[in-house]
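Numbering-wise, the sequence shown is residues -23 to -1, 1 to 179 according to mature numbering (1 follows the signal peptide of the UniProt record, and there is no 0). What follows is a short report on a single structure.
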Amino acid sequence: MMHHLSVALLSAAALALGGCATAVPPVEVTRFHNAIPGWAPGTRYAIQTAPLDDPAAMPSIEWNSYRAAVEQQLQRQGLVAAGANETAPLRVRVGFDRSLQLDGARRSPVSVGVGGSTGSYGSGVGLGIGFNLGGGPKRMADLQLSVRIDDAATGQALWEGRALTAVPVKAPAAQPSLAAAKLAEALFKDFPGESGRTISVP
């Protein structure tokens, strides 16, 4: 009986540790807007699916994961995706960046690419996340999701934001579907957020 109980406890502990290992680390989020965006529920939006500087470029499979995650959050805000032949008053640009670092080495500022470039954020805001995973240097991936919502008629930015995190490249949390969902959820937390403020979302 005691043997079975010990096996059960060890299995439970392993599952708990496994759950911790797959969790996405905290996400740093910064949003910008000149005024609190206001649109009626049901307002249509359209996703721009190619970079501004290369209209012929096709979105990647990974980018589609980020697009789907962003669309889910937009719809939670009451927005509705425009049909193929509909005119949408809102244009949404989605970009993501994945770059590698080794043992905490920082990379240079990023420029968001495929899926609609929102420009280089290039700020001095660091992730502020420390990793001490043991076993020597871990190869890490910096992940960034950027979203900009424009007035389609004027091109004026109504709201924009970015979400950043860093995960071990071999961790389940680095998988596009999980990373995209976590970053998008963090980016739209308490939408529209306080303009210009950087927060950490667990």
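Ideal placement from N, C-alpha and C gives every residue a C-beta, glycine not left out. Being a predicted model, the structure only gives us computed values, none of them experimental.
Notebook entry, point to check: Taking contact to mean at least 3 C-beta pairs separated by less than 8 Å, is the region 142 to 150 in contact with the region 57 to 73?
Noted result: Contact fails: fewer than three Cβ-Cβ distances are below 8 Å.
Next item on the list: Take K166 as the anchor and find which of S37, Q50 and S42 has the nearest alpha-carbon.
Entry: Of the candidates S37, Q50 and S42, the one whose C-alpha sits nearest the C-alpha of K166 is Q50.
Notebook entry, point to check: Which partner residues of E63 appear in the DSSP bridge assignment?
Noted result: None; E63 has no bridge partner.
Item checked: Range covered by the alpha helix (DSSP H) that runs through V47 -> Unbroken alpha helix (DSSP H) run through V47: I38 to R53.
Check: Excluding sequence positions up to five away, which residues of its chain have a Cβ less than 6 Å from the Cβ of S172?
Finding: The answer, listed in chain order, is F9 and H10.
Notebook entry, point to check: If you draw a straight line from the alpha carbon of G19 to that of A129, how long is it in whole angstroms?
Noted result: Looking at the two C-alpha atoms, the distance is approximately 16 Å.
Next item on the list: Can you check DSSP and say which residues form a bridge with Q133?
Entry: Q133 pairs with nothing; no bridge assigned.
Item checked: Assigned exposure category for R116 - 16 Cβ within 10 Å defines buried -> So R116 ends up on the exposed side.
Item checked: Terminal residues of the beta strand (DSSP E) in which E118 lies -> With the sequence shown as reference, residue 118 is identified as Ala, and Glu is not the correct amino acid for it. Start and end: R116 to D128.
Next item on the list: Give the range of the beta strand (DSSP E) segment to which S177 is assigned.
Entry: Here the beta strand (DSSP E) through S177 covers T175 to V178.
Margin query: My output table needs one value for E171: the three-state DSSP class, helix, strand or coil.
Written below: Coil, per DSSP.
Checklist line | V124 versus A163 - alpha carbon distance | finding: The straight-line gap separating the alpha-carbon atoms of V124 and A163 is approximately 12 Å.
Notebook entry, point to check: For P153 versus S42, is the C-beta distance shorter than 7 Å?
Noted result: Against a cut-off of 7 Å, the Cβ pair of S42 and P153 comes out as a contact.
Next item on the list: Could you say which of Q133, R139 and A151 lies nearest to V178 if we only look at CA atoms?
Entry: Closest option to V178, Cα to Cα, is R139.
Next item on the list: Can you check DSSP and say which residues form a bridge with L141?
Entry: DSSP output for L141 lists E5 and Q121 as bridge partner(s).
Margin query: Can you look up L160 in the DSSP assignment and give me helix, strand or coil?
Written below: Note: L160 maps to helix in three-state DSSP.
Margin query: Here's the rule: buried if 16 or more other CB atoms are within 10 angstroms of the residue's CB, otherwise exposed. What is R53?
Written below: R53 is exposed by the Cβ-count criterion.
Next item on the list: May I have the straight-line CA-CA distance separating A157 from Q78, to the nearest angstrom?
Entry: Rounded to the nearest whole angstrom, the CA to CA distance from A157 to Q78 is 19 Å.
Check: In three-state DSSP terms, what is A12?
Finding: Note: A12 maps to coil in three-state DSSP.
Notebook entry, point to check: Can you tell me where the beta strand (DSSP E) with Q25 in it begins and where it stops?
Noted result: From DSSP, the beta strand (DSSP E) with Q25 extends over R21 to Q25.
Notebook entry, point to check: In the DSSP assignment, what residue or residues form a beta bridge with F73?
Noted result: Note: F73 sits in a beta bridge opposite L122.
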